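Report on the structure given below.
Chains as they are written, first to last, in our numbering: chain A, 1 to 83; chain B, 84 to 166.
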């Protein structure tokens, strides 16, 4: 079976996000005010073959911990769906 | 009222994603096989003040079209929730 994992990797809240700050200024400059905060991270879509959802989840968990996220600075969240 | 928009910006399917290809190879190298495809985009979290959800959505729509996504190469999706 094939599964699709949608993974969001974001810098932790206590770490500054200069890219987000720049985008917030950019939004103000094009006339969109009332922006409180902008944070920018990565959205990773992985298509994976596995026998069942549990196996897919285990593989995605390992992928996040070992490669996709830097756990010192980043948090990750994901959802898995069958395709 | 404050709203949080979670925006995913991804390159269109017909456009090559070399970063995703590199990550796919990386996953194979650390022993995670059965990966069919990897695509990498941006995950942008915007906190915005608006009178209601419709107004927040309009502002986010403009932000995506004018600044956050390059519509020639990228697609965007978002969800808005009250915070």
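No residue lacks a Cβ here, since even glycine has one placed at the ideal position from N, Cα and C.
Bear in mind the structure is a predicted one, so any value in this text is a computation, not a measurement.
DSSP beta-bridge partners of residue i
i, result
"residue 88(B)", "129(B) and 163(B)"
"residue 26(A)", "None, per the DSSP bridge assignment."
"residue 103(B)", "Beta-bridge pairing links residue 103(B) to no other residue."
"residue 41(A)", "126(B)"
"residue 156(B)", "None; residue 156(B) has no bridge partner."
Contact check, residue i vs residue j, beta carbons under 9 Å
i, j, result
"residue 143(B)", "residue 163(B)", "yes"
"residue 146(B)", "residue 8(A)", "no"
"residue 43(A)", "residue 87(B)", "no"
"residue 159(B)", "residue 93(B)", "yes"
Alpha helix (DSSP H) segment containing residue i, residue limits
i, result
"residue 142(B)", "136 to 146"
Residue from the options whose Cα sits closest to the Cα of residue i
i, options, result
"residue 129(B)", "151(B), 137(B) and 100(B)", "151(B)"
"residue 149(B)", "10(A), 13(A), 16(A) and 27(A)", "27(A)"
"residue 55(A)", "138(B), 157(B), 156(B) and 118(B)", "118(B)"
- Task: Determine which residues of the segment 25 to 46 of chain A have a Cβ less than 8 Å from any Cβ of chain B, and write them out in chain order.
- Result: 26, 27, 30, 32, 34, 35, 36, 37, 38, 39, 40, 41, 42, 43, 44, 45 and 46
- Task: Can you give me, in chain order, the residues of the segment 42 to 72 of chain A that have a beta carbon less than 8 Å from any beta carbon in chain B?
- Result: 42, 43, 44, 45, 46, 47, 48, 49, 50, 59, 62, 63, 66, 67 and 68
- Which residues, in order along the segment 89 to 101 of chain B, keep a beta-carbon less than 7 Å from a beta-carbon of chain A? 91 and 93
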